[in-house]
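See below for the structure under consideration.
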Ligand code: COA
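In our numbering, the protein residues as written are -6 to 346.
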């Protein structure tokens, strides 16, 4: 190495040293702010818990208060209760940007790793990615189910599809539990539905190739095709709704107001619901066909009756939950639009004071 080259290297290194000093200062500031942030997060969480406890005590006292109250006192009580309700909503919003503990299922499979997403951009991206994941896998399932219609004598392709379904539903339960930690309002049944569907696909995977299997195979393929088609339609409804919630009140050129959102939601639901109920009737039909097969003398496999029960359970759970969702949406009170409006929006409506 020449002398000049060595000098140039040393000059470079000295330059870098100066920059490194700045990096060290920035990192120290970052660590300090991180510590401060963690301490403030803990303080806010403790404070919210304390407020909730005090509010519950106040509400208990209100309930115990005598019934013979003057008009003025009744009015004050009503005002108090309205304020308590408003405060509860504000607490939910505050919690949107605070870390949450993992539920039991996530604690078992992931441990206490922090899966809280603390800004609305990340929440939106994660939810959108979850919807896209469902869409992509649904297309793969469709292709495999179509291949099954042409390849009848190779059981391995059935096994690939069922194994994919086991993995898919299992993954959904994990992703959905992470969504729940981050404030998603997914109904408990949809999570349960994906646990039950994992078991259903697992049992189909180990169902021996016999007379009953061959009898049901064609119907199972058509059902799988139909369900993946429903999942694709669900994607367009959910991602449309997600996009509109995010831009609610921000894109005036697209008329995305609360009323606009509601009207779009109802149009989407009206289109989707017949297909959903078609799927539930299909599940009931599967349950009946499997039940009849289980009573045939040629039926030796326990999988047939168990799958019949599972399909019936899915039919009943899906029908009841979807009807409940419709009822909740018809009753306007069930839709907390103020909360929804701010769910994925970048600007929070939390008061800055
Ligand atoms: N799976 C996962 N998440 C669901 C869900 C489902 N089936 N249904 C609703 N959610 C989510 C929504 O995305 C929303 O999430 P967010 O709080 O993170 O924003 C939350 O749950 C609340 O949604 P909600 O207002 O109750 O319903 P919706 O308007 O989003 O959807 C339906 C209503 C009826 C269209 C929807 O529940 C649905 O598609 N259900 C049928 C599912 C089904 O039967 N699948 C099997 C196919 S046969």
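Even for Gly, the Cβ is constructed at its ideal location relative to N, Cα and C.
- Item | Local conformation of residue 144 per DSSP, three classes | coil
- Residue range of the alpha helix (DSSP H) that includes residue 18: From DSSP, the alpha helix (DSSP H) with residue 18 extends over -4 to 57.
- What residues in its chain sit with their C-beta under 8 Å from that of residue 55, if we drop five residues either side in the sequence? 70, 73, 74
- Under the three-state DSSP convention, the category residue 321 falls into: helix
- Task: Report the three-state DSSP secondary structure of residue 303 (helix, strand or coil).
- Result: helix
- Item | Neighbour-count burial assignment, residue 272, 16 or more Cβ in a 10 Å radius | buried
- Should the segment 205 to 221 be regarded as contacting the segment 130 to 139, the criterion being three or more beta carbon pairs within less than 8 Å? yes
- Per-residue DSSP class, three states only, for residue 295: Residue 295 sits in coil when the DSSP states are folded into three classes, being neither helix nor strand.
- Item | Where residue 343 falls, given that 16 or more other Cβ within 10 Å makes a residue buried | Reliability of the predicted coordinates at residue 343 is poor, the pLDDT of 42 falling under 50, and the value obtained from them is presented with this limitation in mind. Counting of Cβ neighbours within 10 angstroms places residue 343 among the exposed residues, the total staying below 16.
- Query: With a Cβ-Cβ cutoff of 8 Å, do residue 120 and residue 172 count as a contact?
  - Reply: yes
- Looking at the structure shown, is residue 315 part of a helix, part of a strand, or coil, going by DSSP? helix
- Start and end residues, alpha helix (DSSP H) containing residue 267: 251 to 287
- Cβ of residue 168 within 7 Å of any heavy atom in the ligand COA? Checking the 7 Å criterion, the Cβ of residue 168 is out of range of every heavy atom belonging to the ligand COA.
- Item | Check whether residue 150 and residue 300 have beta carbons under 8 Å apart | no
- Message: Given the structure, does residue 133 come close to the ligand COA, in the sense that its CB is under 7 Å from one of the ligand's heavy atoms?
- Response: Not one heavy atom of the ligand COA falls within 7 Å of the beta-carbon of residue 133.
- Buried or exposed by the 16-neighbour rule on C-beta atoms within 10 Å, applied to residue 46: exposed
- Using the beta-carbon count (16 or more within 10 Å), is residue 221 buried or exposed? buried
- Message: Buried or exposed, going by whether 16 or more other CB atoms sit within 10 Å of the CB of residue 62?
- Response: exposed
- Report the residue from 159, 81, 35 whose alpha carbon sits nearest the alpha carbon of residue 44. 81
- Message: Quick check on residue 345: buried or exposed, where buried means 16 or more other Cβ atoms within 10 Å of its Cβ?
- Response: Note that residue 345 has pLDDT 38, beneath the 50 cutoff, so the model's placement of it is unreliable and the number below is only indicative. Residue 345 should be labelled exposed.
- Limits of the alpha helix (DSSP H) - the one that residue 231 falls within: 204 to 240
- Item | Three-state class that DSSP yields for residue 107 in the structure shown | coil
- Query: Given residue 311, which residues of its chain have a CB within under 8 Å of its CB, disregarding the five upstream and five downstream residues?
  - Reply: 182, 186, 269, 272, 273, 276
- Task: Determine, using beta carbons only, whether residue 204 and residue 291 come nearer to each other than 8 Å.
- Result: yes
- DSSP state of residue 95 mapped onto helix, strand, coil: Note: residue 95 maps to coil in three-state DSSP.
- Query: Can the beta-carbon of residue 40 be found closer than 8 Å to that of residue 124?
  - Reply: no
- residue 194: buried (16+ other C-beta within 10 angstroms of its C-beta) or exposed? buried
- Under 8 Å between the Cβ atoms of residue 174 and residue 93? Taking C-beta atoms as the reference points, residue 174 and residue 93 count as a pair closer than 8 Å.
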